[in-house]
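Residue numbers (the numbering used here): 4 to 367.
We put the beta carbon where it would ideally sit given N, CA and C, even for glycine.
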Ligand SMILES: [Zn+2]
């Protein structure tokens, strides 16, 4: 194949993006080549761009990606569900891939924590096959990736966040063991929080409370299943903690989920729990996210404290099934609320970073 593809390269944190061309090659038998139809800017792309966490540069960012199969290696036949893959299929795929033996995958069922796990949007662009990130015309899918065929009826806007935001929140809410009749508080109503509210409701929560400091987010959270919302900028912490404990009667929430990325929110969130409540940290991904808690509160109040990072391939299947069965209940298509071309990447990142858009999509 003598073909050239365009990609948006980030040379170093906090520098303007550059659109560059790279040569394409035919797929190996265990690879797939996808023509990207949409990718979205995740908060972690912004953290990488701002230099808040290590990322190889120069590279192509972007890991929330969907696309159409343009080349299919001869050894790649089935998707995660066992459906046959063909040229022209529109697919999503796990944001990470790994190869070889893995103690964590085989013994502890944590493939996302396999040694040597790699992620899309986290590779040097100079290396073969160049296209391993979302903000480009093409993406190669390498062995060890879980691929999932998308139904024709799901829109690109609904499907693109599946492989990061939705699947992660399926994992976080599963770890929180949300059951019928539970009361659930979600700290942070960005994309993860909105899906968190909706999935909590779908798992049978009787009451969902959302907390954030951006008024627009509080409004949209009510459309995603939040029964009550609190603006942390207009209410004193003691006041909203007290109100939430009363709302989640008789004396506190069964579950609190942190997806705001602010370490200082954890002590307040723990105070919202009932005796024996469960607290899950899903948003503290940057090093240095420290907080202080009294350990005796954890033991005397029987608190379960868990951390979740990334997801198992089964969560991607569940994410798709959740969105497909709840499309009439929650307005998923509203989440991707702006679109940009590859040439508008600087503007797209600026808006995403300023929170003036909920999820910015790149349409190559
Ligand atoms: Zn992400």
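Ligand 1 heavy atom lying under 7 Å from the CB of residue i
i	result
residue 315	no
residue 13	no
residue 358	no
residue 167	yes
residue 142	no
residue 66	yes
residue 80	no
residue 42	no
residue 47	yes
DSSP three-state assignment for residue i, whether helix, strand or coil
i	result
residue 67	strand
residue 150	strand
residue 229	coil
residue 278	strand
residue 26	strand
residue 48	helix
residue 196	helix
residue 210	strand
residue 223	helix
residue 322	helix
residue 261	strand
residue 73	strand
residue 271	helix
residue 351	helix
residue 437	Nothing can be reported for residue 437: it is not among the residues displayed for the chain, which extend from 4 to 367.
residue 123	coil
residue 144	strand
residue 9	strand
residue 172	helix
residue 138	coil
residue 301	helix
residue 18	coil
Whole-Å CB distance - residue i paired with residue j, under 8 Å assumed
i	j	result
residue 341	residue 364	7 Å
residue 213	residue 195	Going by Cβ atoms, the distance from residue 213 to residue 195 rounds to 12 Å, so no, they are not a contact pair.
residue 171	residue 41	Rounded, the Cβ-Cβ distance is 18 Å, inconsistent with contact.
residue 161	residue 281	Not really, about 29 Å apart at Cβ, beyond 8 Å.
residue 175	residue 63	Not a contact, Cβ separation roughly 27 Å.
residue 43	residue 362	5 Å
residue 182	residue 149	With 8 Å as the limit, residue 182 and residue 149 do not qualify as a contact, their Cβ atoms being about 27 Å apart.
residue 31	residue 76	6 Å
residue 140	residue 56	Not quite, the Cβ-Cβ distance comes to about 26 Å (not below 8 Å), so this is no contact.
residue 348	residue 60	At roughly 15 Å, the Cβ-Cβ gap does not stay under 8 Å, so residue 348 and residue 60 are not in contact.
residue 58	residue 125	6 Å
Cβ-Cβ distance between residue i and residue j below 8 Å
i	j	result
residue 269	residue 286	no
residue 304	residue 283	no
residue 39	residue 167	no
residue 355	residue 49	yes
residue 260	residue 189	yes
residue 185	residue 209	yes
residue 37	residue 23	no
residue 103	residue 123	no
residue 288	residue 47	yes
residue 81	residue 320	no
residue 147	residue 100	yes
residue 358	residue 217	yes
residue 144	residue 73	no
residue 120	residue 326	no
residue 187	residue 211	yes
residue 252	residue 276	no
residue 271	residue 240	yes
residue 316	residue 345	no
residue 413	residue 273	No statement about residue 413 is possible, as the shown extent of the chain runs from 4 to 367 and does not include it.
residue 52	residue 343	no
residue 6	residue 86	no
residue 267	residue 294	yes
Heavy atom of ligand 2 within 7 Å of residue i beta-carbon
i	result
residue 263	Because ligand 2 does not appear in the structure shown, any question about it cannot be addressed here, the ligands present being ligand 1.
_the stretch 217–231 in contact with the stretch 195–207 per 3-pair CB rule at 8 Å_ = Counting Cβ pairs under 8 Å, three or more are found: they touch.
*asked:* Could you check whether the stretch 66–73 touches the stretch 90–106, counting it as contact only if at least three pairs of C-beta atoms, one from each stretch, sit closer than 8 Å?
replied: Enough Cβ pairs lie closer than 8 Å, so yes.
*With a cut-off of 8 Å, do at least 3 Cβ pairs link the stretch 292–306 to the stretch 129–138?*
Taking one beta carbon from each stretch, the stretch 292–306 and the stretch 129–138 have fewer than 3 pairs nearer than 8 Å; the two do not touch.
*Assess, as a yes-or-no matter, whether the stretch 15–35 is touched by the stretch 113–125 under the definition of 3 or more beta carbon pairs within less than 8 Å.*
These segments do not touch.
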